[in-house]
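To keep things clear, I will list the structure first and then write my remarks on it.
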Amino acid sequence: MSIIFLTYSVGARRTYNNTSSGFESHIAPVVEPFATPTEHIFIDNELFGNSIFRELPSPEVDAAWAAITRMGVTAVTKSDIVRAGKDPAYVVKHPKDPDAYMVMINVNHQLHCLNSIRKAMHPDYYYPDGVDSPLYHDHLYHCVHLILQVLTCNSDLDLVTFNWVEQIDTPQPDFSVNKVCRNFERLKSAQDAEWMRLEDLMLVIGGSTGFVGAELVRQGLDNPAITSLVALRRREITDPPEPGPSGTKLRSVVCDNFEIYSDGVKKELEDVDACIWTIAVTPSKLKTIPFEETCKICRDYATTAIQTLDALRHQKDGPLRFIYMSGHFAPRSQSEVPKELRDHGLIDYGLLRGEAETQILAYGEQSNGAVQSCVVKPGLINAPGKEKRSIPGLPSIDLLDISAALLDQIVNGFEKDTLSNADMIRIGQKA
53 MSIIFLTYSV GARRTYNNTS SGFESHIAPV VEPFATPTEH IFIDNELFGN
103 SIFRELPSPE VDAAWAAITR MGVTAVTKSD IVRAGKDPAY VVKHPKDPDA
153 YMVMINVNHQ LHCLNSIRKA MHPDYYYPDG VDSPLYHDHL YHCVHLILQV
203 LTCNSDLDLV TFNWVEQIDT PQPDFSVNKV CRNFERLKSA QDAEWMRLED
253 LMLVIGGSTG FVGAELVRQG LDNPAITSLV ALRRREITDP PEPGPSGTKL
303 RSVVCDNFEI YSDGVKKELE DVDACIWTIA VTPSKLKTIP FEETCKICRD
353 YATTAIQTLD ALRHQKDGPL RFIYMSGHFA PRSQSEVPKE LRDHGLIDYG
403 LLRGEAETQI LAYGEQSNGA VQSCVVKPGL INAPGKEKRS IPGLPSIDLL
453 DISAALLDQI VNGFEKDTLS NADMIRIGQK A
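Just so we're aligned, residue 53 is where the sequence shown starts under this note's numbering, counting upward by one.
Pasting the structure below:
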């Protein structure tokens with residue numbers, strides 16, 4: 053067995069040094085809100101693998117790469133700029149925040165470069181008519197040099213072991229290693245939250261005239277992070293005569309068929325950023341509505357909504373955030389049906405809501421980052437100023453708290469894909 057060592061020279065790193073201010077660059081600081089936790093990960097790097105990032109070009113492969121290579125601009129403070137070794141006098145201010153500065157996270161640029169090199173491997177697919185840009189090859193060499201510098205700067209000291217393999221006479225390197233890594237999904241979510249915070253945020257409330265929906269509209273109008281609010285409802289009603297100064301951002305959209313959206317409704321819902329879906333049949337109304345219709349309202353309306361809103365996003369780079377409001381006892385399988393549903397004859401209803409949860413979450417998981425879906429499972433929702441009700445075994449939450457929690461998750465990003473009643477109390481009271 054012979055090992056060949058390749059020697060190369062790396063361009064000297066330049067330290068940004070502003071002698072008048074004493075700035076000097078150093079290891080990149082972790083800037084809030086990007087202080088994502090680390091975790092132990094097994095890097096599976098066998099010669100052959102099933103990752104979509106190894107596959108030949110296709111729309112699905114491109115969507116997967118697009119989900120991890122979005123290069124959005126966010127904002128940081130002056131102290132963050134100084135800690136990064138840059139002079140604030142030369143850094144551009146963010147147009148949405150005069151006290152903040154425009155930045156992007158370096159890993160986004162690095163992934164963009166890696167993707168550019170990948171595309172260059174398949175010119176017939178990506179550039180069937182050739183490339184006429186005089187900077188095309190310069191850009192690729194820039195990307196190769198960038199990745200070279202990143203790899204040498206962060207020289208990975210993890211050990212590559214050698215294994216004996218049957219029918220091969222020489223030891224074979226095992227490039228799969230155990231590593232401690234930043235949680236990249238959490239980092240992406242944090243970036244998405246910052247992009248939405250600094251950009252115009254259009255929120256749709258599905259079921260805006262309902263108990264929770266109406267409170268979401270009220271709080272949403274008072275939330276400065278939400279710049280446009282669409283109240284989606286089945287029939288026209290008179291909006292509050294004095295909605296206040298923020299009422300100009302409210303738009304009422306009537307949809308008389310939540311299974312097939314009309315062209316007019318679709319036009320109103322183009323390029324929305326987020327949706328909170330509250331439309332459902334409550335247990336108290338089950339006896340007045342055929343179960344087939346209940347299935348449409350509780351499950352099909354929601355799945356149609358997430359599909360429709362996703363398809364109508366033409367000019368948005370960030371993901372669509374979709375919250376589906378379910379119920380505390382809703383099980384996602386027959387084995388999870390709780391005693392409370394059995395005792396009250398609500399097994400089919402509970403499984404229906406659980407099936408809707410599964411479909412909503414699956415849509416987000418299969419969207420390659422284009423959609424982030426979340427399920428919330430509140431218990432009994434109590435109105436402010438009214439006597440609080442209680443049902444044995446069922447937790448409760450105040451209307452103000454659940455509404456505040458849902459809006460917080462839309463603006464700041466999903467803490468996880470399923471929020472319990474206790475989660476929403478904690479988030480809502482902190483918001």
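Ideal Cβ placement from N, Cα and C applies to all residues, glycine included.
Check: Ala116 C-beta below 7 angstroms from any heavy atom of the ligand GDP: The ligand GDP is not among the ligands present in this structure, which contains no ligands whatsoever.
Test: Ala422 CB closer than 8 angstroms to a CB of chain D: Of the chains in the structure shown, none is chain D; there is only one protein chain.
DSSP state of Ile331 mapped onto helix, strand, coil: Position 279 of the sequence shown, counting from 1, holds the residue named residue 331. In the structure shown, Ile331 sits in coil (DSSP, three-state: anything other than H, G, I, E or B).
Contacting residues, own chain, Cβ-Cβ under 6 angstroms from Thr470 (five flanking each side not counted): By one-based count along the sequence shown, residue 470 stands at place 418. Short of 6 angstroms from the beta carbon of Thr470, and not among the five residues preceding or following it, lie these beta carbons of its own chain, in chain order: Val427.
Host alpha helix (DSSP H) of Met476 (start-end): One-based indexing of the sequence shown puts residue 476 at position 424. Its alpha helix (DSSP H) spans residues 473 to 482.
With 16 other Cβ atoms within 10 Å as the buried cut-off, status of Ile257: Position 205 of the sequence shown, counted from the start, is the residue given in the question as residue 257. By the 10 Å Cβ count, Ile257 comes out buried.
Sufficient close CB pairs (3 or more, under 8 angstroms) joining the region 371 to 389 to the region 447 to 464: yes
8 angstroms CB neighbourhood of Ser241 in its chain, flanking five on each side removed: By one-based count along the sequence shown, residue 241 stands at place 189. Excluding sequence neighbours, Ser241 sits near Gln424, Gly465, Phe466.
The beta strand (DSSP E) enclosing Ala152, as first and last residue numbers: Locating residue 152 in the sequence shown gives position 100, counting from the first residue. Start and end: 149 to 155.
Among Gly416, Val264, Gly406, the one whose alpha carbon lies nearest that of Arg384: Residue numbering aside, residue 384 sits at position 332 when the sequence shown is read from its first letter. Of Gly416, Val264, Gly406, the residue nearest in Cα terms is Gly406.
Inter-stretch contact at 8 angstroms, needing at least 3 Cβ pairs: the region 337 to 353 / the region 263 to 272: no
Local conformation of Cys307 per DSSP, three classes: Along the sequence shown, read from residue 1 onward, the residue named residue 307 stands at position 255. In this structure, Cys307 counts as coil in the three-state DSSP scheme.
Inter-stretch contact at 8 angstroms, needing at least 3 Cβ pairs: the region 412 to 423 / the region 431 to 438: no
Range of the contiguous alpha helix (DSSP H) that encloses His189: Start at 1 with the first residue of the sequence shown, and residue 189 comes out as number 137. Here the alpha helix (DSSP H) through His189 covers 188 to 205.
Assumed close pair Phe310, Tyr353 - CB separation to whole angstroms, cut-off 8 angstroms: Locating residue 310 in the sequence shown gives position 258, counting from the first residue. Locating residue 353 in the sequence shown gives position 301, counting from the first residue. Confirmed, Cβ separation roughly 4 angstroms.
Residue environment, Ala332, which counts as buried when at least 16 other CB atoms sit within 10 Å: Counted from its first residue, the sequence shown places residue 332 at position 280. It counts as buried.
Candidates Asp325, Asp395, Asp132, Pro371, of which the one nearest Pro444 by Cα: Translated into positions along the sequence shown, residue 444 becomes position 392. Among Asp325, Asp395, Asp132, Pro371, the Cα nearest to that of Pro444 is on Asp395.
Unbroken beta strand (DSSP E) run spanning Asp450, endpoints: Taking the first residue of the sequence shown as 1, we reach residue 450 at position 398. Per DSSP, Asp450 belongs to the beta strand (DSSP E) from 448 to 450.
Three-state class that DSSP yields for Arg226 in the structure shown: On the sequence shown, position 174 is the one that residue 226 refers to. The sequence given here places Asp at residue 226; Arg does not occur at that position. In this structure, Asp226 counts as strand in the three-state DSSP scheme.
Three-state secondary structure assigned by DSSP to Phe26: Outside the displayed range of the chain (53 to 483) lies residue 26, so it cannot be described from this structure.
Neighbourhood of Thr88 by C-beta distance below 7 angstroms, restricted to the same chain and skipping five residues each side: As a position in the sequence shown, residue 88 is number 36, starting the count at 1. Closer than 7 angstroms at the Cβ level, and outside the excluded window around Thr88, lie Arg234, Asn235, Arg238, Leu239, Ala242.
Among Arg106, Thr129, Gly431, Leu203, the one whose alpha carbon lies nearest that of His174: On the sequence shown, position 122 is the one that residue 174 refers to. That would be Arg106, whose Cα lies nearest to the Cα of His174.
Beta-bridge partners of Met377, as assigned by DSSP: As a first step, residue 377 is located in the sequence shown; it is residue number 325 there, counting from the start. The partner list for Met377 (beta bridge, DSSP) reads Val428.
7 angstroms CB neighbourhood of Cys350 in its chain, flanking five on each side removed: The residue you call residue 350 lines up with position 298 of the sequence shown. Answer for Cys350: Ala332, Val333, Leu404, Arg405, Ala408, listed in chain order.
C-beta contact flag for Leu361 and Val324 at 8 angstroms: As a first step, residue 361 is located in the sequence shown; it is residue number 309 there, counting from the start. As a first step, residue 324 is located in the sequence shown; it is residue number 272 there, counting from the start. Yes, Cβ-Cβ distance for Leu361 and Val324 is below 8 angstroms.
Exposure label - His78; buried when at least 16 CB within 10 Å: Position 26 of the sequence shown, counted from the first residue, corresponds to residue 78. The predicted position of His78 is uncertain, since its pLDDT is 42 and thus under 50; a value taken from the coordinates is nonetheless stated next. Its Cβ having fewer than 16 others within 10 Å, His78 is exposed.
Member of Lys318, Gln201, Val282 whose CA lies at the smallest distance from the CA of Gln359: Taking the first residue of the sequence shown as position 1, residue 359 is located at position 307. Answer by Cα proximity: Lys318.
Outcome for Glu246 when other beta-carbon atoms lying within 10 angstroms are tallied against a minimum of 16: Position 194 of the sequence shown, counted from the first residue, corresponds to residue 246. With 16 or more Cβ atoms within 10 Å of its Cβ, Glu246 is classed as buried.
CA nearest to the CA of Ser472, picked from Leu446, Arg478, Lys429: Working through the sequence shown from its first residue, we reach residue 472 at position 420. Ser472 has its Cα closest to that of Lys429, out of Leu446, Arg478, Lys429.
Same chain, Cβ closer than 7 angstroms to Leu198, neighbours up to 5 away in sequence not counted: Taking the sequence shown and counting its residues from 1, one reaches residue 198 at position 146. Answer for Leu198: Gln162, Cys165, listed in chain order.
Contacting residues, own chain, Cβ-Cβ under 8 angstroms from Arg441 (five flanking each side not counted): Along the sequence shown, read from residue 1 onward, the residue named residue 441 stands at position 389. Excluding residues within five positions, the ones whose Cβ falls inside 8 angstroms are Leu432, Asn434, Ser448.
C-alpha gap between His92 and Cys307, whole angstroms: Numbered from 1 along the sequence shown, position 40 holds the residue referred to as residue 92. Numbered from 1 along the sequence shown, position 255 holds the residue referred to as residue 307. Those two C-alpha atoms are separated by around 48 angstroms.
Classification of Thr204 by the beta-carbon crowding that lies within 10 angstroms, buried from 16 upward: Here residue 204 refers to the residue found at position 152 of the sequence shown. The residue is exposed, with fewer than 16 neighbouring Cβ atoms inside 10 Å.
Contacts around Glu288, its chain only, beta-carbon distance under 8 angstroms, and the 5 residues preceding and following it disregarded: As a working note, residue 288 is residue 236 in the sequence shown. Correct list, in chain order: Ser304, Val306.
Among His194, Ala363, Cys195, Val212, the one whose alpha carbon lies nearest that of Ser228: As a position in the sequence shown, residue 228 is number 176, starting the count at 1. When only C-alpha atoms are compared, the closest one is Val212.
Supposed close pair Val128, Val155 - CB separation, criterion 8 angstroms: Counting from one through the sequence shown, the residue named residue 128 turns up at place 76. Counting from one through the sequence shown, the residue named residue 155 turns up at place 103. Yes, they are in contact, since the Cβ atoms of Val128 and Val155 sit about 5 angstroms apart, within 8 angstroms.
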